[in-house]
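Note that the numbering used here has the sequence shown beginning at 99, numbered continuously upward.
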Amino acid sequence: MRRHGFESFDALVSVAKDPSSGIRDELVSATVPRETWWFRDPECFDALVGHVLPTIEERALAGSDSKVRLLSAGCSTGQEAYSLAIAIAERSLPPEEDRSQGGAGGEIGGIYEIRACDVSASALFIAIAGRYDQVAISRGLTDSLREKFFEKEGETWKLRDGIRRAVKFFRHDVASSVPPPGGFHVIMLRNVLEYYSDEGRRRMLKIAVEALEPGGFLVLSSRQEVEAAPLPEEASVTELGGWHFVMRKRGLEQ
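In C-alpha cells form, the structure reads like this:
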C-alpha cells in the first residue's frame, strides 16, 4: 500500500475494483497461486487422452459437432494447456512423423480446439510467449518431450510454433461466469478449488458444469476432490481409465 501511496486498505480496495486498474493486476498476480508443472498427475493425462477423448471424438463425429473443444481453466503460465496439446499430438501422429511440426500445430488431430484462461495478466503473458526457464521446463517434462517440442534459446526453452499456436489463451475469471464460448467437451479445473471457500467451490463447479456440453467431462485434481465436491444436480461422477471424472448428464439422465 505504501508503495502506491494508499493510506488505508479500503482505499486500495476501492481502486482495485476498477477492472482497468493496474493495481488490480498487481494484486491478482501477487495473490493467485502459480503452482504448476508439466503433465501433473500423468495418470490423469493417460485416462483423458486414452479413454475420454476417443469417446468424445466418436460422439462429435457422429453428431453435428465438427470440433472437440477443450478448456484449461485457471491455466496459470500454460503448462497444463500445453501438456494437453503435446499429449494429443503424441497420440495423433504415427511414431515415424516429426511430432514437433505438422499435426502438432493448430490442427491437432484435425478436430481439436484448445483454449486456456486465467485471471492473471502476467501469467498469461508467460503462457502466450511459450518460453520457460530451466527450472520451469524441468518440472514434470521428460527429456524426450523437451527435445521434440522445444527449442533452446539462450537460458530458456521455447515451445515450437506448432504446439504454441494450438492453444488460444484469454483472460477470464472462471469463478465469476461461464468462460466463452461455452459448449466445451472437456474442462480441466485442477488445483484450483482448494483455494476457495465451500460456497466459492459450489459456485465455481456450477459455472464449470454449465460450460460443458451434455456428456462433457470436468477434470478435477483427484478422486478425493471429486468425491468431496459439492456438485450441481446436472452432474454425475464416472470412472474411465482409472481416473474419476465429473460428467454433465445428458438429457434423459437428468
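Ideal placement from N, C-alpha and C gives every residue a C-beta, glycine not left out.
Small disclaimer: the values here were computed from a predicted structure and weren't measured.
(message) Tell me the DSSP secondary structure of A264 in three-state form.
(response) Within the sequence shown, numbered from 1, the residue matching residue 264 stands at position 166. Correct three-state label for A264: helix.
(request) Would you kindly work out how many angstroms separate the C-alpha atoms of L329 and V272, rounded to a whole number? (result) Walking along the sequence shown from the start, residue 329 turns up at place 231. Walking along the sequence shown from the start, residue 272 turns up at place 174. So the two alpha carbons sit approximately 16 angstroms from each other.
(request) Kindly indicate if chain D contains any beta-carbon less than 7 angstroms away from that of C142. (result) In the displayed structure, chain D is absent; only one protein chain is listed.
(request) Check the C-beta distance from F282 over to G314 and give it rounded, since I have them as a contact under 8 angstroms. (result) Residue mapping note: residue 282 aligns to position 184 of the sequence shown, counting from 1. Residue mapping note: residue 314 aligns to position 216 of the sequence shown, counting from 1. That pair is a contact at about 6 angstroms.
(request) Output the distance between the C-alpha atoms of P152 and F143, rounded to the nearest integer angstrom. (result) By 1-based counting over the sequence shown, the position of residue 152 is 54. By 1-based counting over the sequence shown, the position of residue 143 is 45. Approximately 13 angstroms between the Cα atoms of the pair.
(message) For D259, tell me which candidate among S242, G148 and I184 has the shortest Cα-Cα distance.
(response) Working through the sequence shown from its first residue, we reach residue 259 at position 161. The option with the nearest alpha carbon to D259 is I184.
(message) Quick check on L159: buried or exposed, where buried means 16 or more other Cβ atoms within 10 Å of its Cβ?
(response) One-based indexing of the sequence shown puts residue 159 at position 61. That one is exposed.
(request) Report buried or exposed for Q232, applying the criterion of at least 16 other Cβ atoms within 10 angstroms of its Cβ. (result) What you label residue 232 is simply residue 134 of the sequence shown in a count that begins at 1. Answer is exposed; the Cβ neighbour count stays below 16.
(message) What does the alpha-carbon distance come out to for the pair A145 and K266?
(response) To locate residue 145, count along the sequence shown from 1; it is residue 47. To locate residue 266, count along the sequence shown from 1; it is residue 168. Those two C-alpha atoms are separated by around 23 angstroms.
(request) Look at the alpha carbon of L303 and the alpha carbon of D241, and state the distance between them as a whole number of angstroms. (result) Indexing the sequence shown from 1 puts residue 303 at position 205. Indexing the sequence shown from 1 puts residue 241 at position 143. Computed Cα separation, rounded: 36 angstroms.
(message) Comparing C-alpha positions only, which one of F223, I235, D216 and L239 sits nearest to P140?
(response) In the sequence shown, counting from the first residue as 1, residue 140 sits at position 42. For P140, the nearest C-alpha among the options comes from L239.
(request) Compute the beta-carbon to beta-carbon distance between L318 and L291, rounded to the nearest angstrom, for a pair I have assumed lies under 8 angstroms. (result) Start at 1 with the first residue of the sequence shown, and residue 318 comes out as number 220. Start at 1 with the first residue of the sequence shown, and residue 291 comes out as number 193. The Cβ separation is near 7 angstroms, so the contact holds.
(request) State the DSSP-derived secondary structure class of R138, mapped to helix, strand or coil. (result) Residue 138 sits at position 40 when you count from the first residue of the sequence shown. Here R138 sits in coil by DSSP.
(message) If the criterion is Cβ atoms closer than 7 angstroms, does the pair A66 and C173 meet it?
(response) The question about residue 66 has no answer, for the chain in this structure spans 99 to 352.
(message) Does S162 pass the burial test, meaning 16 or more other C-beta atoms within 10 Å, or should it be called exposed?
(response) As a working note, residue 162 is residue 64 in the sequence shown. When all chains shown are included, S162 counts as exposed.
(message) Quick check on P152: does DSSP put it in helix, strand or coil?
(response) Residue mapping note: residue 152 aligns to position 54 of the sequence shown, counting from 1. The answer is helix: DSSP assigns P152 an H, G or I state.
(request) Using the Cα positions of F247 and V284, report the straight-line distance between them to the nearest angstrom. (result) If you number the sequence shown from 1, residue 247 lands on position 149. If you number the sequence shown from 1, residue 284 lands on position 186. Spanning the two alpha carbons is a distance of roughly 23 angstroms.
(request) Identify which residue in T336, H270, R237 and E325 has its Cα closest to the Cα of Q177. (result) To locate residue 177, count along the sequence shown from 1; it is residue 79. Checked all of T336, H270, R237 and E325; the closest Cα to Q177 is R237.
(message) Quick check: what's the CA-CA separation for A187 versus V147?
(response) Mapped onto the sequence shown, residue 187 falls at position 89. Mapped onto the sequence shown, residue 147 falls at position 49. Rounded to whole angstroms, A187 to V147 spans 10 angstroms at the Cα level.
(message) Quick check on the burial criterion: 16 or more other C-beta atoms within 10 angstroms. Buried or exposed for F343?
(response) Counting from one through the sequence shown, the residue named residue 343 turns up at place 245. Result: buried.
(message) What does DSSP give as the partner residue(s) for L257 in the beta ladder?
(response) Position 159 of the sequence shown, counting from 1, holds the residue named residue 257. For L257, which the question treats as bridged, DSSP gives the partners F248.
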